[in-house]
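Chains as they are written, first to last, in the working numbering: chain C, 1 to 342; chain P, 1001 to 1342. Where is the CB? At the ideal position from N, CA and C, for every residue including glycine. Computed from a predicted model, the values in this text were never measured in an experiment.
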């Protein structure tokens, strides 16, 4: 399987790490991925015969710009042209998230679809703004579109719903889908610090960005809620359809009051199949399986037969999310092998 | 798909309920199950054209003996003969668990294999005593053997590991796999009652049997640990290979000491890939996702890439476990359709 990797940040490097590790460990499962190109904002490295693991290591260690590579570097070439011109089966899109325009990811993804390439992405932007259109476009072009790393990081929340609850019916979904806000709320309640102090501590630890709005105003959770609503409950919604409240106004007093009732306040993305999807801080019982602390993520599926099913894991991380990319690649390989395109 | 149902207790009735409900709700997923026979200890009802939902309802409401049915009843016929003589694709084996001899389930299962029938079971006995041999026998006879209801009830713990963590590697497993003992330990610690009082309360609520040894001496947890070890970690072990300690000797004082350290005592089945599987009461942090209360079950998979992944749900229940049977039937249907026999 020939792969074009678009974006070479934390997740992109995780992907090359995992593929190199599998190569070194001689994992034998019939899956032979070859990265034929890596594109970023400055250009690309391209080798139609596959960039060797040593080459990938060298690129990763040298850092930007990757297109300065003397052997295979192509400075200045645009990712859109790499996607169009380099022969490959799959494009892995892992550029930074942008929820205003979804660019450049959405152009990369549609370019891949138009040129008959399957797509794996960890980028929530295009899905949050245009998921119904993108899944239709993939279908129209008869290619597979996978994005399991967009929700739960390495925790297979989407796969669990699709693959493990077959024959059952999911009636509703509730989740703690953002590790940063969960860390902040846990810090406030466990160490009795203010929202501002907890945010600063999250920033110091690298859990929160310097511009933290994406997390604390609930946009990230809302993006993931949109993906769950479309993919699992077949709702045709986008980011603007979500009723969203962030955690800026959660106070220590509110946490104390909740605690008296045996509850914690968590930022919950919620879809019930009847109303608009919502994201807001709500009280949940401390004894609920959903009530996890720190940077953990958790999702509960309310099912017709199996009752409540909860999955918990880390919602982020370079290797974890790259593991989700690998799962998607294996899924595409399996689909191609059995000619069961969805 | 023609199905022979062997055993007509709590789970067997759940299976006919779910299939009838799907029929009434006109679920259209291309799966058309027909129950052609139900066998229990007194005889069977047999209709090669399929027992109608109304007939299944009538049988369920009338109760024992099912073979008294004037139209399709065959009093005295043995399940082994039904399995051999009635034409069907799948045998669903849901007779009571027996961990001394695994009978009569193990004979039913091997009879099904020998006559070329796929098997779905929720019965832990045969798997606990002879899982390596049974999976080999199924392979030899080129039939599918599925048992997702044996671990976690309706919670797809086995499927999660097999289907959602593809490309990753599971390094170890820890689980609260028995709801009765979890209820007893939760009662003791939350309501400060003795082991005996908590056991009585579990018996009153129907969570524990009058002969509670299977649960409280850890046999049930050990059976599930054996299944996880074989199916997920490819260990060829049976019940006798498990180091097992039950919860009879857990005292309020031990729970108090644990609580001082921020821990709870839970009966944990554990497999690390190096040592023998173990079942014993151990302390786990209250903040751990694995630390669930009441009758809930939980399992944590330690993964190479995705770190710790925890799934939580009810570990028992008629409809929940029957939902697991339905999942297995759909899986067999899918395998038959794609001719990908394992």
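Could you have a look at residue i and say whether DSSP puts it in helix, strand or coil?
i                       : result
residue 1141 of chain P : coil
residue 41 of chain C   : coil
residue 341 of chain C  : Model confidence at residue 341 of chain C stands at a pLDDT of 48, short of 50, so the residue's coordinates are unreliable; what they give is reported in the following sentence. Three-state DSSP puts residue 341 of chain C in coil, outside helix and strand.
residue 1308 of chain P : strand
residue 1374 of chain P : Since the first and last residues shown for chain P are 1001 and 1342, residue 1374 of chain P lies out of range.
residue 1236 of chain P : coil
residue 332 of chain C  : helix
residue 1053 of chain P : helix
residue 61 of chain C   : helix
residue 186 of chain C  : helix
residue 278 of chain C  : strand
residue 162 of chain C  : helix
residue 1314 of chain P : strand
residue 1073 of chain P : strand
residue 1207 of chain P : coil
residue 1100 of chain P : coil
residue 1020 of chain P : helix
residue 1084 of chain P : helix
residue 1326 of chain P : helix
residue 1247 of chain P : coil
Are the CB atoms of residue i and residue j nearer to each other than 9 Å?
i                       : j                       : result
residue 1140 of chain P : residue 1294 of chain P : no
residue 269 of chain C  : residue 225 of chain C  : yes
residue 94 of chain C   : residue 5 of chain C    : yes
residue 1227 of chain P : residue 1287 of chain P : no
residue 1040 of chain P : residue 1075 of chain P : no
residue 291 of chain C  : residue 282 of chain C  : no
residue 1332 of chain P : residue 1146 of chain P : yes
residue 121 of chain C  : residue 178 of chain C  : no
residue 1189 of chain P : residue 1265 of chain P : yes
residue 1343 of chain P : residue 1097 of chain P : This structure leaves residue 1343 of chain P out entirely; chain P is present only between 1001 and 1342.
residue 1218 of chain P : residue 1250 of chain P : no
residue 1016 of chain P : residue 1062 of chain P : no
residue 99 of chain C   : residue 254 of chain C  : no
Can you confirm whether residue i, when its beta carbon is compared against all beta carbons of chain C, has any partner nearer than 9 Å?
i                       : result
residue 1326 of chain P : yes
residue 1338 of chain P : yes
residue 1005 of chain P : no
residue 1137 of chain P : no
residue 1296 of chain P : yes
residue 1273 of chain P : no
residue 1317 of chain P : yes
residue 1314 of chain P : yes
residue 1072 of chain P : no
residue 1307 of chain P : yes
residue 1180 of chain P : no
residue 1020 of chain P : no
residue 1255 of chain P : no
residue 1167 of chain P : yes
residue 1330 of chain P : yes
residue 1323 of chain P : yes
residue 1029 of chain P : yes
State yes or no: is the beta carbon of residue i nearer than 9 Å to at least one beta carbon in chain P?
i                      : result
residue 292 of chain C : yes
residue 320 of chain C : yes
residue 342 of chain C : For residue 342 of chain C, the predicted structure reports a pLDDT of 45, less than 50, and the residue's modelled location is therefore unreliable. A value from the coordinates is still provided. Output row for residue 342 of chain C: interface = no.
residue 40 of chain C  : no
residue 177 of chain C : no
residue 289 of chain C : yes
residue 343 of chain C : Past the edges of chain C, shown from 1 to 342, lies residue 343 of chain C, and the structure says nothing about it.
residue 185 of chain C : no
residue 76 of chain C  : no
residue 408 of chain C : Missing from the structure shown is residue 408 of chain C; chain C here goes from 1 to 342 and no further.
Against residue i, what residues of chain A qualify as contacts under a CB-to-CB distance less than 9 Å, listed in chain order?
i                      : result
residue 311 of chain C : Here the protein chains are C and P, and chain A is not one of them.
Item checked: the segment 75–95 of chain C contacting the segment 302–314 of chain C, beta-carbon criterion three pairs below 8 Å -> no
Checklist line | Three or more C-beta pairs below 8 Å linking the segment 1299–1307 of chain P and the segment 1166–1177 of chain P | finding: yes
Check: Given 8 Å as the limit, is there contact between the segment 23–38 of chain C and the segment 109–116 of chain C, that is, 3 or more CB pairs closer than that?
Finding: By the Cβ criterion, the segment 23–38 of chain C is not in contact with the segment 109–116 of chain C, since fewer than three pairs of Cβ atoms, one from each stretch, lie closer than 8 Å.
Note to self: If contact is defined by three or more beta carbon pairs under 8 Å, each pair taking one atom from either stretch, is the segment 1028–1039 of chain P in contact with the segment 1119–1128 of chain P?
What the structure shows: no
Check: Given a limit of 7 Å on CB to CB distance, which residues of the segment 1131–1162 of chain P reach chain C?
Finding: 1154, 1155, 1156, 1159 and 1160
Margin query: To be precise: take each residue of the segment 1215–1246 of chain P, compare its Cβ to all Cβ atoms of chain C, and keep it if any distance is under 7 Å. Which residues remain?
Written below: none
Next item on the list: Note down, in chain order, all residues in the segment 45–65 of chain C with a beta-carbon under 7 Å from any beta-carbon belonging to chain P.
Entry: none
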